[in-house]
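Asks: Line by line, the protein sequences give chains S and W.
Residue 418 in the working numbering sits at position 201 of the first sequence; the count goes up by one each step and never skips.
Residue 280 in the working numbering sits at position 63 of the second sequence; the count goes up by one each step and never skips.
Backbone N, C-alpha and C fix where the C-beta goes; we use that ideal spot for every residue, glycine too.
These numbers were taken from a predicted model, which means no experiment stands behind them.
Before we start, here is the structure in question, set down as structure tokens.
Number of protein chains: 2
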Amino acid sequence: MPVTEPTRPSAAEEARTLVAATNVATLASLTTAGDPWASMITYGLLDGAPVLCVSHMAEHGRNLAADPRASLSVVAPEQPSDPLASARITLAGVVERPTDAEFDAARAAHLAGVPAAKTYIDFSDFSLWVLRVQRVRWVGGYGRMDSASAQDYAAAQVDPVRFHAAGAIAHLNADHANALRDMARALGGYPDATAATCSDADRYGLDLRVQTPRGMAYTRVGYATRIDDAGELRMATVELARRSAALLADEAPLSKEAQR
Amino acid sequence: MPVTEPTRPSAAEEARTLVAATNVATLASLTTAGDPWASMITYGLLDGAPVLCVSHMAEHGRNLAADPRASLSVVAPEQPSDPLASARITLAGVVERPTDAEFDAARAAHLAGVPAAKTYIDFSDFSLWVLRVQRVRWVGGYGRMDSASAQDYAAAQVDPVRFHAAGAIAHLNADHANALRDMARALGGYPDATAATCSDADRYGLDLRVQTPRGMAYTRVGYATRIDDAGELRMATVELARRSAALLADEAPLSKEAQR
């Protein structure tokens with residue numbers, strides 16, 4: 218059964234969402250010899266631009282002061298058992314010391330992301346750095362990856378559902394197994410689905426893991442309209458369930474097999 | 218009360234122990250332009266040397282093939298609420314493709330660390346890389362940091378207690394509060410301790426968080442002898458408790474105040 222590929226978040230949206238889901242990253246900076254140096258840092262966000270606060274007594278602080286080229290790796294805070302199934306991003310660009318009004322905004326952004334920084338952010342050996350993002354690489358897990366332009370990254374919104382839907386997903390899987398199976402049958406392209414579980418959710422739809430007599434598969438079903446708030450997830454999934462049930466009822470006279 | 222500073226694990230021991238506690242790190246590599254590039258990787262260990270398995274279709278794989286300079290950041294798997302209180306290390310050096318007998322050992326080491334790699338480790342686009350560690354930087358949390366030489370890192374042993382003592386520490390704190398307080402009084406340099414909890418343990422001793430009328434403090438008490446197996450932790454803490462109690466009993470006639 219051919220289905221229209223439902224909308225997925227773009228790589229830029231995935232990246233903006235992931236970077237907003239935690240406050241810990243790994244910085245790659247350059248030593249004075251030009252060697253790469255990997256180190257843990259914390260960050261806040263100023264319109265998607267990571268704001269670091271590092272001591273020039275630390276090697277990475279001296280590195281940034283001497284060469285502004287920098288990259289950040291951020292890994293999704295919910296770790297699957299297989300690390301390579303994790304969503305993660307690399308941001309790359311150059312760091313700059315913010316000045317004037319941007320300094321105040323960057324300071325506030327760092328404190329919002331890292332409340333513990335209030336004890337040292339104003340120490341004289343600490344500096345704020347804003348990463349001017351020039352390149353974005355997103356990896357969603359095995360076989361899901363894409364790049365995003367700096368412009369798309371800057372313009373993208375944080376997904377209001379992703380990283381905030383664990384409870385809703387658990388509820389769907391525990392109490393609405395038949396509805397998920399019907400979604401996979403009617404909207405996901407698997408009319409022979411025998412079972413389905415929701416593996417993830419975002420503002421555009423649900424990712425489903427589908428059991429069929431032919432084996433296991435992954436698919437996706439899209440909401441009728443985009444969600445702008447996590448609170449809308451329930452209504453959107455109710456609509457998906459009703460639409461699936463109606464489609465399967467319409468098809469029933471033609472193909473009783475598909476519903477069994 | 219002056220106390221002999223008990224032995225602590227060296228930076229080299231801390232680094233070897235931390236790198237053995239997980240299989241996920243962030244790699245800093247160099248792009249063809251010489252820019253830093255941060256990306257998540259998984260690893261196994263060959264005598265403390267991280268063994269990576271990366272695809273040359275991924276940017277970091279192409280980076281390593283073009284320039285072997287590399288650095289890894291590894292963060293302790295048990296994350297405290299304040300990320301900067303985490304233990305973490307940076308290893309830096311150059312990667313090499315293992316050959317002959319070392320190839321087989323490196324392949325086995327990677328699979329031991331990353332069992333999921335069995336599905337792709339022999340694909341033609343994946344290569345094994347061994348990081349020849351030249352520099353080691355360890356940060357134990359706020360204000361605890363040191364460097365280690367490549368030689369000391371190579372020679373150091375993995376601590377058999379650190380990262381395997383969470384249950385024992387919880388038991389000490391739940392059921393042996395008085396013994397911990399007595400250790401802080403008799404052996405930790407805080408004769409006025411009113412309470413103490415164990416915050417960490419390693420093969421040489423216990424880290425204690427101490428309450429006193431003057432405020433909160435951290436101290437450390439050392440076992441009579443080094444532990445070579447996590448199973449010896451119970452005996453070592455029993456000896457600490459007995460030694461503390463004996464010392465306090467000896468002092469009692471002189472200073473009843475110190476025991477209250």
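#1: Counting only Cβ pairs nearer than 7 Å, list the residues of chain W close to Ser-416 of chain S.
#2: Can you check which of these residues, W:Gly-265, W:Ser-246, W:Asn-240, is closest to Ala-372 of chain W by C-alpha distance?
#3: Taking its Cβ as the centre, do 16 or more other Cβ atoms sit within 10 Å of Asp-445 of chain S, making it buried, or is it exposed?
#4: So that I know if they touch, is there some Cβ in chain S lying closer than 8 Å to that of Ala-245 of chain W?
#5: What is the rounded straight-line gap between the Cα of Asp-363 of chain S and the Cα of Glu-319 of chain W?
#6: Please tell me whether Pro-300 of chain W has its Cβ less than 8 Å away from any Cβ of chain S.
#7: What's the call for Phe-380 of chain W, buried or exposed, on a 16-neighbour Cβ count within 10 Å?
#8: What three-state label does DSSP hand Phe-343 of chain W in the structure shown?
#9: Buried or exposed for Asp-419 of chain W, please, with buried defined as at least 16 other CB atoms from any protein chain shown within 10 angstroms of its CB.
#10: What is the rounded straight-line gap between the Cα of Ala-463 of chain S and the Cα of Pro-253 of chain W?
#11: Could you run through the region 249-267 of chain S and flag, in chain order, every residue whose CB is less than 7 Å away from some CB of chain W?
#12: Short check: CB of Leu-262 of chain S to CB of Val-312 of chain S, under 8 Å?
#13: Would a check of beta-carbon distances place Val-241 of chain S closer than 8 Å to chain B?
#14: Helix, strand or coil for Glu-295 of chain S per DSSP?
#15: Could you tell me the alpha carbon to alpha carbon distance between Met-400 of chain S and Gly-448 of chain S, rounded to whole angstroms?
#16: Asp-419 of chain S by DSSP, collapsed to three states: which one?
#17: Is there contact here, the region 242-253 of chain W with the region 237-246 of chain S, by at least three beta-carbon pairs under 8 Å?
#18: Does any CB atom of chain W fall closer than 8 Å to the CB of Arg-354 of chain S?
#19: Does DSSP put Ala-458 of chain W in a helix, a strand or coil?
#20: Evaluate the contact criterion for the region 450-465 of chain W versus the region 374-389 of chain W: three or more CB pairs, one atom per stretch, below 8 Å.
#21: What do you get for Ser-303 of chain S, buried or exposed, if any count of 16 or more other CB atoms within 10 angstroms of its CB means buried?
#22: Bridge partners of Gly-261 of chain W, per DSSP?
#23: Apart from the five residues just before and just after Tyr-421 of chain W, which ones in its own chain have a Cβ nearer than 7 Å to its Cβ?
#24: What does Leu-289 of chain W touch in chain S if you count any residue whose Cβ is under 8 Å from its own?
#25: If you measure from the beta carbon of Thr-429 of chain W to each beta carbon in chain S, is any gap under 8 Å?
#26: Could you check what DSSP says for Tyr-435 of chain W in three-state terms: helix, strand or coil?
#27: Please work out which residues of its chain come closer than 6 Å, Cβ to Cβ, to Ser-416 of chain S, disregarding the five sequence neighbours upstream and downstream, and give them in chain order.
#28: Should Ser-341 of chain W be labelled buried (16 or more other beta-carbon atoms within 10 Å of its own) or exposed?
#29: Once the 5 residues before and after Lys-335 of chain S are set aside, which same chain residues still bring their CB inside 8 Å of it?
#30: When the Cα atoms are used, what is the spatial distance from Val-268 of chain W to Trp-355 of chain S?
#31: For Gly-310 of chain S, which beta-bridge partners are listed by DSSP?
#32: Can you tell me which of S:Asp-369, S:Ala-412, S:Ala-367 puts its alpha carbon nearest to the alpha carbon of Leu-389 of chain S?
#33: Of all Cβ atoms in chain W, is any one closer than 8 Å to the Cβ of Arg-426 of chain S?
#34: Does any C-beta atom of chain W lie closer than 8 Å to the C-beta of Arg-460 of chain S?
#35: Say whether chain W places a C-beta atom closer than 8 Å to the C-beta of Arg-402 of chain S.
#36: Would Val-353 of chain S pass as a contact of Ala-365 of chain S if the rule is Cβ separation under 8 Å?
Replies: From the atom records:
#1: Counting from 1 along the first sequence, the entry for residue 416 of chain S is found at position 199. Residues of chain W with a Cβ closer than 7 Å to the Cβ of Ser-416 of chain S do not exist; the shortest Cβ-Cβ separation is about 17 Å.
#2: If you number the second sequence from 1, residue 372 of chain W lands on position 155. Out of W:Gly-265, W:Ser-246, W:Asn-240, W:Gly-265 has the C-alpha closest to the C-alpha of Ala-372 of chain W.
#3: Start at 1 with the first residue of the first sequence, and residue 445 of chain S comes out as number 228. Burial check for Asp-445 of chain S: the Cβ neighbour count within 10 Å stays below 16, so the residue is exposed.
#4: In the second sequence, the residue the question calls residue 245 of chain W occupies position 28. Yes - at least one Cβ of chain S is within 8 Å of the one on Ala-245 of chain W.
#5: Within the first sequence, residue 363 of chain S is the residue found at index 146, counting from 1. Within the second sequence, residue 319 of chain W is the residue found at index 102, counting from 1. Cα to Cα, Asp-363 of chain S sits roughly 35 Å from Glu-319 of chain W.
#6: Stepping through the second sequence from its first residue, residue 300 of chain W is reached at position 83. Chain S contact via Cβ: present.
#7: The count along the second sequence starts at 1 and reaches residue 380 of chain W at position 163. Classification of Phe-380 of chain W: buried, given that the 10 Å Cβ count is 16 or more.
#8: Numbered from 1 along the second sequence, position 126 holds the residue referred to as residue 343 of chain W. Strand, per DSSP.
#9: Along the second sequence, one-based indexing puts residue 419 of chain W at 202. Label assigned to Asp-419 of chain W: buried.
#10: Here residue 463 of chain S refers to the residue found at position 246 of the first sequence. Here residue 253 of chain W refers to the residue found at position 36 of the second sequence. Cα-Cα distance, rounded: 53 Å.
#11: Listed by position, the residues of the region 249-267 of chain S near chain W (Cβ gap below 7 Å) are Gly-251, Asp-252, Pro-253, Trp-254, Ala-255, Ser-256, Met-257, Thr-259.
#12: Counting from one through the first sequence, the residue named residue 262 of chain S turns up at place 45. Counting from one through the first sequence, the residue named residue 312 of chain S turns up at place 95. For Leu-262 of chain S and Val-312 of chain S, no; Cβs fall outside 8 Å.
#13: Considering every chain present, this structure includes no chain B. Its protein chains are S and W.
#14: The sequence position of residue 295 of chain S within the first sequence is 78, counting from 1. When DSSP states are grouped into helix, strand and coil, Glu-295 of chain S belongs to the coil group.
#15: Walking along the first sequence from the start, residue 400 of chain S turns up at place 183. Walking along the first sequence from the start, residue 448 of chain S turns up at place 231. Going from the Cα of Met-400 of chain S to the Cα of Gly-448 of chain S covers about 21 Å.
#16: Here residue 419 of chain S corresponds to residue number 202 of the first sequence, with the count starting at 1. Coil, per DSSP.
#17: Contact between the region 242-253 of chain W and the region 237-246 of chain S is present, because at least three Cβ pairs lie under 8 Å.
#18: As a first step, residue 354 of chain S must be located in the first sequence, where it is residue number 137. Residue-level contact check: Arg-354 of chain S touches chain W, since one or more beta carbons of chain W fall below 8 Å from its beta carbon.
#19: The count along the second sequence starts at 1 and reaches residue 458 of chain W at position 241. Ala-458 of chain W sits in a helix when the DSSP states are folded into three classes.
#20: Because the criterion of three Cβ pairs below 8 Å is met, the region 450-465 of chain W and the region 374-389 of chain W touch.
#21: By one-based count along the first sequence, residue 303 of chain S stands at place 86. Label assigned to Ser-303 of chain S: buried.
#22: The count along the second sequence starts at 1 and reaches residue 261 of chain W at position 44. Per DSSP, the beta bridge partners of Gly-261 of chain W are W:Val-268.
#23: Here residue 421 of chain W refers to the residue found at position 204 of the second sequence. Here Tyr-421 of chain W has Pro-223, Thr-224, Arg-225, Pro-226, Gly-439, Tyr-440, Arg-443 as same chain residues with Cβ atoms under 7 Å from its own Cβ, once five neighbours each way along the sequence are excluded.
#24: Translated into positions along the second sequence, residue 289 of chain W becomes position 72. Close partners of Leu-289 of chain W in chain S (Cβ separation under 8 Å): Ala-255.
#25: Here the question's residue 429 of chain W lines up with position 212 in the second sequence. Taking Cβ atoms only, chain S never reaches closer than 8 Å to Thr-429 of chain W, which makes this a no.
#26: Mapped onto the second sequence, residue 435 of chain W falls at position 218. Three-state result, Tyr-435 of chain W: strand.
#27: Residue mapping note: residue 416 of chain S aligns to position 199 of the first sequence, counting from 1. Cβ within range, chain order: Asp-424, Arg-426.
#28: On the second sequence, position 124 is the one that residue 341 of chain W refers to. By the 10 Å Cβ count, Ser-341 of chain W comes out exposed.
#29: Start at 1 with the first residue of the first sequence, and residue 335 of chain S comes out as number 118. Close CB contacts of Lys-335 of chain S within its chain, under the 8 Å cut and outside five residues either way in sequence, are with Leu-328 (chain order).
#30: For the purposes of this step, residue 268 of chain W is identified with residue 51 of the second sequence, where counting begins at 1. For the purposes of this step, residue 355 of chain S is identified with residue 138 of the first sequence, where counting begins at 1. If I take the Cα positions, the gap works out to 24 Å.
#31: Position 93 of the first sequence, counting from 1, holds the residue named residue 310 of chain S. Residue pairing of Gly-310 of chain S in beta bridges, as defined by DSSP: S:Ala-287, S:Val-350.
#32: As a working mapping, residue 389 of chain S is identified with position 172 in the first sequence. Answer by Cα proximity: S:Ala-412.
#33: Position 209 of the first sequence, counted from the start, is the residue given in the question as residue 426 of chain S. It does not; no Cβ of chain W falls within 8 Å.
#34: Taking the first residue of the first sequence as position 1, residue 460 of chain S is located at position 243. It does not: the Cβ of Arg-460 of chain S has no partner Cβ on chain W nearer than 8 Å.
#35: Translated into positions along the first sequence, residue 402 of chain S becomes position 185. No - not a single Cβ of chain W is within 8 Å of the one on Arg-402 of chain S.
#36: Residue mapping note: residue 353 of chain S aligns to position 136 of the first sequence, counting from 1. Residue mapping note: residue 365 of chain S aligns to position 148 of the first sequence, counting from 1. Result yes, Cβ atoms of Val-353 of chain S and Ala-365 of chain S sit closer than 8 Å.
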